[in-house]
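Chains as they are written, first to last, in the numbering used here: chain A, 10 to 171; chain B, 24 to 196.
Virtual Cβ for every residue (Gly too), placed ideally from N, Cα, C.
Here the structure is a predicted model, which is why all the values come from computation and not from measurement.
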């Protein structure tokens, strides 16, 4: 089956309002679309009999620092049945840095989204347990943002007394 | 050995209490293996028959701090982990010593970043800084020998009237 044609075609049939930007770089298929569709599209890709993207490999984000839509949230999903990998991208602006969770579709996404929230500060709507993954809970910053200094912000992380 | 020969002749010998306490203390240093990352692999190698830390009386790696004299901090200490390291250190009975094993514990090493403590001497009194990334097992043995020399110079009166530390309870975990 030629998934590179089937997947965009299937999505267009099922989501008439969806505006997909398809790119195929080095044999990796990437679909970029508006963030409000992320949950429905994910659910469709997983539950569709023909596609069965049953494994969410990674959820992460990109901080473009100065661009209008500052963040891009990236999902890597995988179909074990067809040994086919797909990348989904959604732009998120800093003024409303929220996106719907896909943890109800893939349970793995729960922790992956927590990590993305911790490192980039993108909030995931309807997430069951959106706590920080790596940094202490009282930490106020998001370390992988481009405006975060390499050596951190002095005094933001506590040390035990001598 | 001179000691047995002496005992055979006289049946007793005279020494200073400080000397015999320091001698027995330095030859039975029980380490607390605070193995946090890759340096811990080299620390394990120190216990094997090739390097054999038992030759120096330190083969008893205790996994409870309450029975230890020497904390070997082997690995990268993050800010989040520093509270745990300090809590374990506080539970060790006095007198106690600390080896900062490897570049990460001594200075942050190659992790010059927001999450790693740039040297555990910011919150622990370090006795020996051990160079290497990771240090070879014989280097750790050298650090132990130096700790033994340091212990050998102590007197029993050095450790009297030390106030008990207040244990910090970690709130977040």
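For residue 166(A), the nearest CB of chain B lies under 7 Å from its own CB, placing it at the interface with that chain. From the listed residues 38(A), 128(A), 48(A), 113(A), the smallest Cα separation to residue 88(A) is found for 38(A). Per the coordinates, the alpha-carbon of residue 60(B) lies some 27 Å from the alpha-carbon of residue 119(A). Of the candidates 157(A), 115(A), 106(A), 126(A), 115(A) places its Cα closest to the Cα of residue 53(A). For a Cβ distance threshold of 8 Å, residue set 168, 169, 170, 171 of chain A lies close to residue 146(B), ordered along the chain. Within chain B, the C-beta atoms nearer than 9 Å to that of residue 160(A) come from 135, 136, 137, 141, in chain order.
In the displayed model, residue 134(A) falls within a strand according to three-state DSSP. Residue 120(B) sits buried, since 16 or more C-beta atoms from the chains shown fall within 10 Å of its C-beta. If you draw a straight line from the Cα of residue 164(B) to the Cα of residue 76(B), it comes to about 7 Å.
Around the beta carbon of residue 164(A), fewer than 16 other beta carbons sit within 10 angstroms, so the residue counts as exposed. Taken through DSSP and simplified to helix, strand or coil, residue 120(B) comes out as strand. The C-alpha of residue 108(A) lies about 7 Å from the C-alpha of residue 45(A). Checking the DSSP bridge columns, you'll see residue 58(B) partnered with 97(B). If you draw a 10 Å sphere on the C-beta of residue 160(A), you find fewer than 16 other C-beta atoms in it, and that means exposed. Shown here, residue 134(B) sits in coil according to DSSP, grouped into three states, outside any helix or strand. Along the length of the segment 107-160 of chain A, whole beta strand (DSSP E) runs at least 3 residues long occupy 107-109, 132-134, reported in chain order. Restricting attention to 111(A), 85(A), 18(A), 131(A), the CA atom closest to the CA of residue 72(A) is found in 131(A). Look at residue 102(A) here: in three-state DSSP terms it is coil, with no helix or strand label.
Relative to the Cα of residue 67(B), the nearest Cα in the group 129(B), 135(B), 124(B) belongs to 124(B). Our two residues, residue 38(B) and residue 143(A), have alpha carbons roughly 56 Å apart in a direct line.
Per DSSP, the unbroken alpha helix (DSSP H) holding residue 173(B) starts and ends at 160-175. Residue 34(B) counts as exposed, since fewer than 16 other C-beta atoms from the protein chains shown sit within 10 angstroms of its C-beta. In the three-state scheme derived from DSSP, where H, G and I count as helix and E and B as strand, residue 96(A) is classed as strand.
Within the segment 123-149 of chain A, the residues whose Cβ lies closer than 7 Å to any Cβ of chain B are, in chain order, 145, 146. Not a single CB atom of chain B sits nearer than 7 Å to the CB of residue 25(A).
If you look at residue 32(A), you'll find it isn't in any alpha helix (DSSP H); it sits in the beta strand (DSSP E) that goes 30-34. Annotation: the continuous beta strand (DSSP E) that includes residue 67(A) extends over 64-72. Here residue 95(A) has 38, 86 as same chain residues with Cβ atoms under 6 Å from its own Cβ, once five neighbours each way along the sequence are excluded.
Going by C-alpha positions, residue 67(A) is about 56 Å away from residue 47(B). In the DSSP annotation of this structure, the continuous segment of the alpha helix (DSSP H) that includes residue 40(B) starts and ends at 40-49.
For the C-beta of residue 163(A), not a single chain B residue is nearer than 7 Å; the gap to the nearest is close to 10 Å.
In terms of CA proximity to residue 52(B), 84(B) leads the group 84(B), 143(B), 70(B), 112(B). The alpha-carbon of residue 128(B) is positioned some 28 Å away from that of residue 129(A). Judged by DSSP in its simplified three-state form, residue 167(A) adopts coil rather than helix or strand.
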